[in-house]
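A.B. asks:
Residue numbers (our numbering): 74 to 206.
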């Protein structure tokens, strides 16, 4: 099904052509976006928007959880953190608590920034070896 919206076409193409690392980065960015939108909804006392955006953030965290390769110790630690973030998102939704969102946003932003560095280091290593990204 073709779309007439060039932005949607661009977004769809970006997702379809992204590497697994870039997809993870997109998930982190999406989660941060929905957390910010939920915080705004809390400030405006918009229950429906708060709920919708926090559910989207929760789904992203669930997706990050299922992509972990549990053969590695670091994945077990990430699972613990993702589980904590997920539970805090649920709690923020129930309590309409922006302070919880501030806490969670800090963790997700830190993960995103670290992941961005990993992608950059991998690219530098590939270019140094004469490979392609």
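We put the CB at the ideal spot given by N, CA and C, even for glycine.
Please read all numbers here as calculations on a predicted model, not as lab measurements.
Can you name, in chain order, every residue of its own chain whose Cβ lies under 8 angstroms from the Cβ of residue 110, other than the five neighbours on each side?
C.D. replies: Same-chain partners within the cutoff: 122 and 126.
A.B. asks: Determine the extent of the alpha helix (DSSP H) in which residue 144 is found, giving its start and end residues.
C.D. replies: Counting along the chain, residue 144 falls outside any alpha helix (DSSP H), and DSSP gives it neither H nor E.
A.B. asks: Which residue wins for smallest C-alpha separation from residue 163, given the options 95, 97 and 124?
C.D. replies: Closest option to residue 163, Cα to Cα, is 124.
A.B. asks: Tell me the residue span of the alpha helix (DSSP H) that contains residue 182.
C.D. replies: Looking at the DSSP string, the run of the alpha helix (DSSP H) that includes residue 182 is 171-201.
A.B. asks: Under 8 angstroms Cβ to Cβ from residue 156, same chain only, skipping five residues before and after it: list those, please.
C.D. replies: Excluding positions up to five away in sequence, the list reads 138.
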